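Trainee: Provided herewith is a single structure, encoded as C-alpha cells, for subsequent inquiry.
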Amino acid sequence: MRNGTLNILIGGEAGQGLVTIGQLQSRILVRSGYSILSTQSYMSRIRGGHNSFSIRVGPDGVLAPEEMIDLLVALDSTTVELHRKELSPKGVIIADEQFELTGDHLLEVPYSKLGKRKQMNVAAVGVMNSLLGLEQAVAAQTIDQFFGRKDPKVQEDNRQALEKSLEWAKTIENKTLKLAPVTAREKMLMLSGNECLALGALAAGLKFYSFYPMTPTTGIGQTLAALAKTAGIIVEQGEDEIAALNMALGASFAGAPSMVATSGGGFALMVEAVSLAGMTETPIVIVVGQRPAPATGLPTRTEQADLEFVLHAGHGEFPRAVFAPGTVEDCFFIPGRALALAEKYQSPIFILTDQFVADSYRSVKPFDLKDLTPVRPGADENAITQPYRRYALTESGVSPRLLPGMSKHLVVADSDEHTEDGHLTEDLSARKQMVEKRLRKLEGMRREVIPPEFIGNPDPELLLVCWGSTKGSALEAAGDLRTGGRRMGVLHFTQVWPLVQEQFLGLLEKAGQAVCVESNAQGQFARLIRRETGFEIKRQIHRYDGLPITPEFILRELKESR
Amino acid sequence: MRNGTLNILIGGEAGQGLVTIGQLQSRILVRSGYSILSTQSYMSRIRGGHNSFSIRVGPDGVLAPEEMIDLLVALDSTTVELHRKELSPKGVIIADEQFELTGDHLLEVPYSKLGKRKQMNVAAVGVMNSLLGLEQAVAAQTIDQFFGRKDPKVQEDNRQALEKSLEWAKTIENKTLKLAPVTAREKMLMLSGNECLALGALAAGLKFYSFYPMTPTTGIGQTLAALAKTAGIIVEQGEDEIAALNMALGASFAGAPSMVATSGGGFALMVEAVSLAGMTETPIVIVVGQRPAPATGLPTRTEQADLEFVLHAGHGEFPRAVFAPGTVEDCFFIPGRALALAEKYQSPIFILTDQFVADSYRSVKPFDLKDLTPVRPGADENAITQPYRRYALTESGVSPRLLPGMSKHLVVADSDEHTEDGHLTEDLSARKQMVEKRLRKLEGMRREVIPPEFIGNPDPELLLVCWGSTKGSALEAAGDLRTGGRRMGVLHFTQVWPLVQEQFLGLLEKAGQAVCVESNAQGQFARLIRRETGFEIKRQIHRYDGLPITPEFILRELKESR
Amino acid sequence: MSTLESFGEYETAWCPGCGNFKLLEAVKQGLVQAGLEPRQVLFVSGIGQAAKAPHYLNANVFNGLHGRALPVATGAKLANPELIVIAESGDGCIYGEGGNHFLAAVRRNIDITVLVHNNQVYALTKGQASPTSDQGFVTKAQPEGVLEAPFNPVEVAVAMQAGFVARGFVGKPEHLAGLIQQAIAHKGFSLIDVLQNCVSFNKVNTLAWYRDHSYLLPETHDPRDGGAAIKVAREWGDKIPLGIIFRNDRPSFVERASHSVNLAKTAGQVDKTVLNAIMDTYS
Amino acid sequence: MSTLESFGEYETAWCPGCGNFKLLEAVKQGLVQAGLEPRQVLFVSGIGQAAKAPHYLNANVFNGLHGRALPVATGAKLANPELIVIAESGDGCIYGEGGNHFLAAVRRNIDITVLVHNNQVYALTKGQASPTSDQGFVTKAQPEGVLEAPFNPVEVAVAMQAGFVARGFVGKPEHLAGLIQQAIAHKGFSLIDVLQNCVSFNKVNTLAWYRDHSYLLPETHDPRDGGAAIKVAREWGDKIPLGIIFRNDRPSFVERASHSVNLAKTAGQVDKTVLNAIMDTYS
Ligand SMILES: Cc1ncc(C[n+]2csc(CCOP(=O)(O)OP(=O)(O)O)c2C)c(N)n1
Ligand SMILES: Cc1ncc(C[n+]2csc(CCOP(=O)(O)OP(=O)(O)O)c2C)c(N)n1
Ligand code: SF4
Ligand code: SF4
Ligand SMILES: [Mg+2]
Ligand SMILES: [Mg+2]
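Protein chains in written order, with the numbering used here: chain A, 77 to 638; chain B, 77 to 638; chain C, 423 to 705; chain D, 423 to 705.
Spelled out as C-alpha cells, the structure:
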C-alpha cells in the first residue's frame with residue numbers, strides 16, 4: 077500500500093486463466109475510474125509452472141509496479157507458498173477452501189458453491205470486487221462484454237457466479253482493502269505497451285507491418301493483424317526475421333510506411349538489412365522488445381541489455397535514432413515520431429522496449445487524434461530537378477525520395493556504393509561524398525531529439541539517471557526519498573540516440589551525485605554517456621535477474637551500495 | 077623512393093594477369109633477399125575495369141604502402157592516364173610500344189617481339205628485373221616454378237621470353253631504379269595476411285573451418301581447403317553465414333578447435349550465433365575482414381568501420397576479446413592466441429582484419445614452429461568432481477568443459493538460461509548467478525591482454541594512436557616527422573578489447589597531443605577509449621574512401637587539420 | 423509502346439563472352455513483348471554478377487543484399503500490386519543464401535517473376551561451388567570436388583506446385599524472351615531458371631555444354647499435367663529440358679487475401695472515424 | 423545394454439495431453455532398440471516446445487537457436503563421426519526459420535537423423551501459423567486464415583532424393599520407435615516428420631484428426647521405388663501416409679569425402695613435419 081495504492085497479485089499455473097482474471101479485473105478498475113498498472117510475469121511454457129498477473133491500483137496515477145502484495149489471489153497453493161512472504165501486514169490471501177491451507181491472512185473461498193468450474197474466474201473477480209468496494213454494475217457489464225454475448229447459457233452462468241460471489245463476500249469483514257472513491261470518473265482506455273505501439277503506429281499512418289513471432293513483441297503483430305482489414309493495412313508473417321525486415325524494406329521502398337518488431341535474437345538476424353536500410357536510405361521503424369539474453373535466455377522476462385547492440389548493429393557507418401518509451405503512453409506517441417523521422421531522414425529508426433513495458437497494462441486518457449498528421453512517404457514529383465537523382469548530394473544529406481511507378485521518373489536504389497543516380501560505382505571520391513552525405517543526416521536528427529526529461533529539485537543531491545521503462549520506478553523511488561527529506565532529481569531519456577550533451581550535461585555536473593539505473597549488468601547507458609560527454613556516472617544500479625526494476629529495488633540498492 | 081625503398085605499380089584491367097605479374101615479381105624480390113610489401117587494389121568485377129598491384133621494395137623492412145610510383149608497369153593505356161600523376165621525378169613507365177603513348181618517362185617495350193602473347197607476363201617481369209638489377213637465375217627459377225613444369229612447351233616459351241626481354245632491357249640506360257644490394261640473403265617466406273591467418277590457425281591446432289565466400293576473407297578458406305587433406309582438417313562451405321557459424325559451434329562443441337571468417341555483411345548474419353557462443357560458452361574464433369560498408373558498399377576495398385559493430389554484436393551481455401593484427405606477421409600469431417583464449421574462456425574471440433592487410437603480401441622470416449603448443453580442447457575428465465556440471469559456478473567464471481561422447485559424462489549445453497548442469501531454468505536467482513559467472517571471465521581475459529605497443533620518443537609532442545592495419549603507415553609517418561626534428565610517438569593496439577587503461581592512459585596523458593588515426597568516418601576507436609577512460613582524443617585522422625591509410629595521407633592530414 | 427531502345431544500352435562490368443549479355447537482351451525483349459514501359463517495372467536483385475543486370479537497363483531498381491531479393495520483391499509487390507516486380511539474381515543468391523525465401527515465395531504464390539542466372543557457380547567471388555554445381559565440380563574452395571548433390575530448383579518448385587516453372591537458356595534468347603513474357607503475364611509466382619555460361623569460372627558447363635545437353639520441350643509436353651511435369655523436372659545432365667515445365671492457376675497470394683489495397687496510393691491517409699472506433703474498443 | 427531407464431524420466435514443461443509425451447517415449451524406445459547408450463548420442467535442438475524434448479532424457483545435448491539445429495548437428499557430426507547425432511525440433515524450427523539448412527542437409531546427405539515434431543503450428547509462441555499449417559488455418563496472427571500453401575517436407579525431401587524419408591505419428595508410438603531405430607541405422611540423412619497433436623493451439627489437426635486422416639503404408643510400398651515414393655509423398659489431407667516413404671543408399675557426405683578424420687580425437691595434435699613442409703611452399 078505504497079503511496080496510496082493497493083497491489084493485487086493473481087498467481088497460478090499457466091493455462092489456469094489468470095490472465096483472463098487479471099485483464100477482467102483491470103478493466104473493471106479502469107471503468108470504475110481508477111488508475112492501474114498491471115504487469116505480467118510468466119514462464120516460457122503454455123501450461124503449468126508459475127505465472128502471475130499484478131494489478132497496482134489507486135485513485136491517482138500509478139507510477140510503477142510494487143513488490144509488496146495487499147491482495148493475493150491464489151489459483152493454486154504454490155502461489156501462496158511463493159508469495160506469502162511478500163504479503164503486506166494487512167494483506168489478504170484469497171484461495172479456494174479446497175486447498176486446505178493454514179496460516180494467517182487467509183480468506184478461503186468456497187468456489188465450488190459459487191458457480192461451475194468454468195465460472196471460477198468470474199467468482200474470483202466477484203470476491204475481489206466486493207473486497208475493493210467497487211460498484212457491481214460495472215463488473216457485471218464488463219464481464220458480459222468480455223466473454224461476449226454469443227452463448228446466452230454461458231452469460232447466464234457468469235451472471236449467477238458474479239452474484240453468488242458478491243453475495244458470499246458481503247459477509248467478509250474487511251475494510252482495509254476498500255479503495256478510496258475516485259472524484260471524477262473520466263472515460264479511460266486500458267492498453268498495454270504492445271497495443272499502444274500498434275495503435276500509435278496505425279494512427280501515424282503505418283501501412284505495412286511484417287514480423288516473425290517472438291516474445292515480447294508478438295502482441296504488436298497480433299493487434300495489427302486483427303485490425304488489418306478494417307484499417308486497410310497489410311500485416312505479413314515472414315518466413316524468418318531476415319525476410320520480415322527485407323520485406324518491410326521492399327514495401328517501404330514502394331511507398332508504404334513500414335515497421336517490424338522482434339526481440340534481441342530475431343533482431344540479430346535483421347542486422348544485415350539494417351545496414352541495407354542505411355545504405356539504400358529506405359525509411360523503416362524497427363521495434364526491439366528486450367528480454368534477458370544472451371541467446372534464448374529467459375524468453376518471457378525483462379531486461380535492458382540490447383542498447384549497445386542496437387546502437388551499433390549493422391556493418392559500416394550510417395545514421396540512426398533510438399527511442400526508448402518510458403511509459404505505456406509513450407508507446408503510443410513514439411511510433412508516430414519514429415515513422416516521421418524515418419521518412420524524413422530515410423533511415424532506420426529504432427524503438428527499444430522491453431517485456432515489462434510491452435506486457436504492462438495501464439489506464440490512459442483517450443489520445444487526442446485530431447491533430448495527427450499521418451506520415452506521407454516520398455517527395456513531391458513536381459519539385460524534382462531534372463534529371464532525377466535518388467541520391468542527390470544535398471546540404472542536409474537528405475535526397476528527394478520518389479516512389480517506383482508513382483511518377484514519371486525511374487527510381488534506382490543500391491546496396492553497393494553508388495553515384496547520385498543510384499547506380500553502383502567504384503569511384504572512390506564519390507564514395508567519400510556519399511559517406512559524408514549520409515552522415516550529415518545525423519545533424520538534422522540531432523536537432524530533433526526529444527530532450528531528456530528532468531523532474532525534481534532543481535539542485536538535487538541525488539540524481540537518478542534512467543532510460544526507457546525504468547522511468548516510473550525511478551520517479552517513485554525519488555518521490556519517496558524526497559518525502560524523506562532529500563533533494564532528489566530524476567533525469568529520464570525517452571530518446572537515447574543521438575545524445576545532445578547540451579541538453580543534460582549541466583544537470584549531471586550540477587547534481588551532488590548521479591546514479592544510473594538500468595536493467596542490465598554492465599551499465600550500458602552510463603558507458604554511452606561517458607563516451608559522448610566524458611562524464612562518468614560512477615554510481616550505478618543494475619538489475620539483470622529478469623524482473624523489472626521496482627521502486628523498492630532502487631531504494632534497497634541505494635541503501636546498500638552507497 | 078621514400079626511405080630507401082622503391083615503389084612499383086602494375087596496372088591494368090581485371091583478367092589481364094596483373095596479379096600473376098605482381099606475385100611473380102614479388103616472389104623474385106623476396107628470393108633475391110629484399111623486403112617487400114605488396115598491396116592489391118581491385119574492382120568488384122572479373123574482367124575489365126582498372127586494377128593495380130603495388131610492390132614496395134627495399135633492402136630493409138618496408139613498413140607501409142607508398143603513394144608515389146617509381147616504376148609503373150602499364151598493361152593498358154588507362155593505367156598510364158590514371159597513374160601518371162603519381163610518378164616520382166625519376167620514375168619510369170613501362171608500356172607496350174603498341175599503345176603509342178606520348179610524354180615523358182616512357183619506356184616502350186616491343187612485347188610482340190619478346191615472346192608470344194601468352195608470355196607477355198614473363199616479358200614484363202624480365203624487363204623489370206633488368207631495371208631493378210636483379211640476378212637472372214632467381215627470376216628464371218621462380219618463373220619455372222610458378223607456372224609449373226607440366227608443359228615443357230610452355231616452360232620453353234617462358235624461358236625464351238625471359239631471356240629475350242632481359243636481352244632487350246640490357247640496352248636501357250637507367251640506373252635510378254637499380255636496387256641497392258642486400259647484405260645477408262636469408263631464407264624468407266612471402267605471405268599475405270589471409271595466408272598467414274590460415275597457416276597460423278593450422279599451426280595452432282585449428283581442426284574445423286567453415287565459411288561462406290566473401291571478400292576479403294575468401295582466401296583464408298581457399299588456403300585451408302587446399303591443405304585440408306594434407307593437414308587432416310575439415311573445411312566446409314556453408315549454405316549461408318548462419319550455417320557457417322552454427323556449424324563451427326557444433327564442431328567446437330564436439331571437440332574440434334574451430335574458426336570462421338567473413339566480412340561485415342556476412343558477419344551481420346552470424347550475430348545471433350555469436351550470442352549463442354556466449355551463452356553456451358562454446359569456444360570459437362571469428363575473423364571479420366573489414367571492407368567499406370554499409371551494406372554491399374565497396375566489396376573489394378578497405379576500411380576499419382566495423383569495430384563498434386563487432387564489439388557489441390549479439391544480444392545480451394557476455395565476454396569477448398577482439399584482436400586487430402597490425403601486420404601480416406601478426407596474422408600468423410594472432411590466430412593461435414585467439415584459439416587458445418577461445419578455449420580457455422569458452423567464448424567468442426574476434427580477429428578484425430581488413431582488405432588491406434588480408435590481401436597484402438610481405439616478406440617474412442620463417443616462423444619458429446618449435447615451441448608451438450596446439451590448442452587442446454576440453455577439460456581433463458579425471459579432474460571432474462561428481463556430478464559433472466557443465467556450467468559449474470567457479471571463481472574464475474570458467475567451468476569444466478567436457479566433450480560429448482569423449483568421457484563417461486553427459487554434456488548438456490543450452491541457449492536458454494540454465495542451471496549448472498546445463499538444463500534450462502526459469503529460476504531467477506540462478507539467472508543472476510549465471511550472468512555474473514559469465515561476466516567474471518572478462519576479468520581473466522583482461523589479465524591476458526596484449527598491451528598496446530609504444531614506439532618512439534618517451535616524451536612525445538605528437539602521439540599517433542592507431543589499431544590494426546594502420547600500424548605501418550603510422551610508424552613511417554612518425555619516423556619521417558622524427559627525422560624532421562619532432563618528438564614523435566606511436567601507440568598501436570593489436571588487441572582492441574578488453575582495454576586495460578593502466579597500460580596506456582598515462583601515455584595518452586603525457587603526450588603533447590594525441591592524434592587517433594583510423595580508416596573510418598566516426599573515430600570509433602577514439603570513442604571507445606573515451607568510453608573506457610574518459611580521455612578524449614580530440615584530434616583525429618579519418619579515411620573512408622576505400623583506400624588504405626598511407627604515411628603520406630597521415631602527413632598531409634597532419635599538415636592540414638592542425 | 424516501348425521498344426528495345428526504351429530500355430537503354432549501358433556499359434557493363436561483365437566478361438566478354440559471358441552468357442549474361444544474351445540474358446540481358448532477352449529480358450529487354452521480353453519486356454517489350456509484354457508491352458511494358460520502364461516505369462511500370464521494378465527489378466529487385468541481390469548481389470553477384472547476375473545481380474548487376476538491372477543496373478544495365480532502364481527501369482525501377484532495388485539492388486539489395488546477397489540472397490534477399492525475394493523478400494524485398496514480395497514486400498514491394500504487396501505494397502503496390504500494380505508494379506510488375508521481377509526478382510533477378512544468381513543461383514547462389516536465390517537458391518543458396520536465399521534458399522529459405524525461395525521456399526516461402528513458392529508457398530506464398532506471390533505474383534512476381536523470378537529470373538535466375540544459373541551458371542552453377544559463385545562467379546563474383548571468383549568461383550566457389552553454388553547449390554546447383556554438379557557433384558565433383560572442382561573449385562579452389564572445393565579442391566576435391568563438390569560432395570553435395572546439386573539442387574534442382576525446377577524439380578523442387580514443381581514438387582511444391584509453384585504457379586509457373588520454366589527453364590531458359592542464354593543460347594536461345596528468343597525462346598527465353600518468350601518465357602519471360604509469359605512469366606510476367608502469369609498471375610502468381612513464376613520461376614525461370616536460366617542456363618547461363620560463365621566463361622571465367624565454369625569451364626565444365628560451358629555454352630557448348632549447355633547447348634549439347636539441353637533440348638526444347640516438345641509441343642506435346644503439357645505443363646498442366648503435374649505427373650508429366652515432375653518427371654520432366656527431374657531431368658538433368660544429358661537431357662536438360664527447356665521451356666515451360668509446369669504451370670497451374672491457383673490464385674495468387676494477393677487474389678486470396680481478404681482485402682486488397684495499394685498501400686503506395688493510400689499512404690498518407692488515415693480514416694479518423696475508423697481509428698476512433700478502434701480506440702473505443704479499448705475503453 | 424541400455425534400457426528405457428537408462429534414458430531417465432524427467433518432469434516436463436508440456437501441457438497434459440500433448441503429443442510430445444508419446445514422442446519422447448518413442449525416442450527412448452527407438453534408442454533402446456538401436457542398442458545405444460546415452461553417452462553415444464548427441465541431441466541437437468532448436469527452440470520451441472519440441473526443442474525442449476532433449477532436456478527430458480539422458481544424453482548429450484546441444485540446445486541451440488530457433489531454426490539452427492541442423493548446422494550445429496552437421497558440424498558436430500563432421501567433427502566426431504562416431505557420435506550418433508539426432509536433430510530434434512519443431513516444424514517451425516526446421517522447416518520455417520531453418521528452411522535453408524533443411525535443403526542443405528538433404529543435399530549434403532550428412533549422416534544425422536532429423537526428428538520433426540510437426541504440430542502444424544508455432545506452439546511456444548502461442549499459436550501462429552507454421553510452414554506446415556493448412557491453408558485457411560485461423561490464428562491470432564492469421565485471423566483471416568493462412569493464405570500460403572502448406573510445406574510438405576516429405577514431398578520436398580523425396581524430390582531432392584534424400585536418403586531416408588519417413589513419417590510417424592504420436593498415436594502410433596511403437597511404429598514411430600521402429601522408424602527412429604531405422605533412421606539411426608541409415609547411413610546418411612534421415613528425416614522423420616512426426617504428426618504431433620498440440621492440444622493448446624491446434625484445434626483442427628487434433629489427435630483424432632490425425633488418426634482419422636492417416637494410414638500405415640502397406641508392405642507393398644517399396645521405398646526404393648522413386649516413382650512410387652513421390653506419388654505417396656504428395657498425399658496429404660484425407661490420406662496421410664505413415665511409414666518409410668523413400669530411401670536410397672547414396673553414400674553419405676562423410677563417406678564421399680576424400681579424407682576422414684575424427685577431429686575430436688586428433689585435436690591437440692599438429693604434425694610439425696607436415697606443417698614445415700607446408701610453410702616451405704611459401705618460400
Ligand atoms: C551476406 C553475403 N555473403 C556473401 C557475399 C559475397 N558474395 C557476393 S556475390 C556472391 C556469390 C554470387 O553467386 P551467384 O548468386 O551465383 O551470382 P554470380 O556471381 O554467379 O552471377 C557471394 C558469395 C555477400 N555479398 N553477402
Ligand atoms: C530467432 C528467433 N525467432 C523467433 C523466436 C521465437 N520462437 C520461439 S519458439 C518459436 C516457434 C516454435 O514453433 P515450432 O518450431 O513449430 O515448435 P513448437 O513450439 O510448435 O513445438 C518461435 C517463433 C526465437 N526464439 N528465435
Ligand atoms: S565471371 Fe562469369 S558470370 Fe561473371 S561476368 Fe564473367 S563470365 Fe559472366
Ligand atoms: S502448447 Fe501444444 S505443443 Fe506445446 S506442450 Fe502444449 S500441447 Fe504440446
Ligand atoms: Mg552464379
Ligand atoms: Mg510446431
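Think of the CB as a built atom: it goes at the ideal place given N, C-alpha and C, for glycine as much as any other residue. Keep in mind the model is a prediction, meaning the values are calculated, not measured.
At which residues does the alpha helix (DSSP H) containing Ile460 (chain B) begin and terminate?
Mentor: Walking along the second sequence from the start, residue 460 (chain B) turns up at place 384. No alpha helix (DSSP H) holds Ile460 (chain B); DSSP gives it neither H nor E.
Trainee: Under the DSSP definition of a beta bridge, which residues are partnered with Val591 (chain B)?
Mentor: Indexing the second sequence from 1 puts residue 591 (chain B) at position 515. Beta-bridge pairing links Val591 (chain B) to B:Leu540, B:Arg615.
Trainee: Nearest to Glu317 (chain B) by alpha carbon, out of D:Tyr478, D:Asn522, D:Ala584?
Mentor: What you label residue 317 (chain B) is simply residue 241 of the second sequence in a count that begins at 1. Closest option to Glu317 (chain B), judged by alpha-carbon separation, among D:Tyr478, D:Asn522, D:Ala584: D:Asn522.
Trainee: Any beta carbon from chain A within less than 8 Å of His681 (chain C)'s own beta carbon?
Mentor: For the purposes of this step, residue 681 (chain C) is identified with residue 259 of the third sequence, where counting begins at 1. Chain A, which has a Cβ nearer than 8 Å to the Cβ of His681 (chain C), makes this yes.
Trainee: Which residue or residues does DSSP assign as beta-bridge partners of Leu537 (chain C)?
Mentor: Here residue 537 (chain C) corresponds to residue number 115 of the third sequence, with the count starting at 1. DSSP lists C:Glu510, C:Ile614 as partners of Leu537 (chain C).
Trainee: Can you pull the DSSP bridge partners for His568 (chain A)?
Mentor: Sequence index remark: in the first sequence, residue 568 (chain A) carries index 492 (1-based). His568 (chain A) pairs with A:Glu529, A:Cys542.
Trainee: Would you kindly work out how many angstroms separate the C-alpha atoms of Leu113 (chain B) and Val449 (chain D), rounded to a whole number?
Mentor: In the second sequence, counting from the first residue as 1, residue 113 (chain B) sits at position 37. In the fourth sequence, counting from the first residue as 1, residue 449 (chain D) sits at position 27. Between Leu113 (chain B) and Val449 (chain D), the C-alpha separation is close to 60 Å.
Trainee: Looking at chain C, is there any beta carbon in it that lies within less than 8 Å of the beta carbon of Val708 (chain D)?
Mentor: In the structure displayed, chain D extends from 423 to 705; residue 708 (chain D) sits before or after that span and is not available.
Trainee: Quick check: is the beta carbon of Asn627 (chain C) nearer than 8 Å to any beta carbon in chain D?
Mentor: For the purposes of this step, residue 627 (chain C) is identified with residue 205 of the third sequence, where counting begins at 1. No, Asn627 (chain C) does not count as interfacial toward chain D.
Trainee: Alpha carbon to alpha carbon, how far is Gly125 (chain A) from Glu89 (chain A)?
Mentor: Here residue 125 (chain A) refers to the residue found at position 49 when the first sequence is read from its first residue. Here residue 89 (chain A) refers to the residue found at position 13 when the first sequence is read from its first residue. About 5 Å.
Trainee: Following a CB-centred definition, is Asn442 (chain C) positioned closer than 7 Å to any heavy atom of ligand 5?
Mentor: Residue 442 (chain C) sits at position 20 when you count from the first residue of the third sequence. No, the beta carbon of Asn442 (chain C) sits no closer than 7 Å to any heavy atom of ligand 5.
Trainee: Below 8 Å between beta carbons: does that hold for Phe668 (chain C) and Asp533 (chain C)?
Mentor: Here residue 668 (chain C) is taken as the residue at index 246 of the third sequence, counted from 1. Here residue 533 (chain C) is taken as the residue at index 111 of the third sequence, counted from 1. It is not a contact, given that the beta carbons lie outside the stated cut-off.
Trainee: Indicate the three-state DSSP secondary structure (helix, strand or coil) for Ile122 (chain B) in the structure shown.
Mentor: As a first step, residue 122 (chain B) is located in the second sequence; it is residue number 46 there, counting from the start. DSSP places Ile122 (chain B) in coil when its eight states are reduced to three.
Trainee: Any heavy atom of ligand 7 inside 7 Å of the beta-carbon of Val543 (chain D)?
Mentor: No copy of ligand 7 appears in this structure; the ligands present are ligand 1, ligand 2, ligand 3, ligand 4, ligand 5 and ligand 6.
Trainee: Against Arg530 (chain C), what residues of chain D qualify as contacts under a CB-to-CB distance less than 9 Å, listed in chain order?
Mentor: Here residue 530 (chain C) is taken as the residue at index 108 of the third sequence, counted from 1. Taking a Cβ-Cβ threshold of 9 Å, the residues of chain D close to Arg530 (chain C) are Leu569, Glu570, Ala571, in chain order.
Trainee: Hey, Pro370 (chain B) and Gly392 (chain A): beta-carbon distance below 8 Å or not?
Mentor: Translated into the one-based positions of the second sequence, residue 370 (chain B) becomes position 294. Translated into the one-based positions of the first sequence, residue 392 (chain A) becomes position 316. For Pro370 (chain B) and Gly392 (chain A), yes; Cβs fall inside 8 Å.
Trainee: Give the interface partners of Val578 (chain C) over in chain D, defined as CB-CB distance under 9 Å, in chain order.
Mentor: Residue numbering aside, residue 578 (chain C) sits at position 156 when the third sequence is read from its first letter. Result: Leu525, Val578, Ala581, Met582.
Trainee: Run through the stretch 364-408 of chain B for me and flag every whole alpha helix (DSSP H) of 4 or more residues, listed as ranges in chain order.
Mentor: 383-388
Trainee: Which residues does DSSP list as the beta-bridge partners of Val466 (chain D)?
Mentor: The residue labelled residue 466 (chain D) in the question sits at position 44 within the fourth sequence. Beta-bridge pairing links Val466 (chain D) to D:Phe484, D:Ala509.
Trainee: I want to see whether chain C comes within less than 8 Å of Gln298 (chain B), judged by CB atoms only; does it?
Mentor: What you label residue 298 (chain B) is simply residue 222 of the second sequence in a count that begins at 1. For Gln298 (chain B), the answer is yes, since a Cβ of chain C falls inside 8 Å of its Cβ.
Trainee: Buried or exposed: His681 (chain C), going by 16 or more other Cβ atoms within 10 Å of its Cβ?
Mentor: If you number the third sequence from 1, residue 681 (chain C) lands on position 259. Looking at its Cβ environment, which holds fewer than 16 other Cβ atoms inside 10 Å, His681 (chain C) is exposed.
Trainee: Ser552 (chain D) by DSSP, collapsed to three states: which one?
Mentor: Residue 552 (chain D) sits at position 130 when you count from the first residue of the fourth sequence. Here Ser552 (chain D) sits in coil by DSSP.
Trainee: For Ala630 (chain D), which of D:Ser705, D:Cys440, D:Ala456 has the nearest alpha-carbon?
Mentor: Stepping through the fourth sequence from its first residue, residue 630 (chain D) is reached at position 208. Of D:Ser705, D:Cys440, D:Ala456, the residue nearest in Cα terms is D:Cys440.
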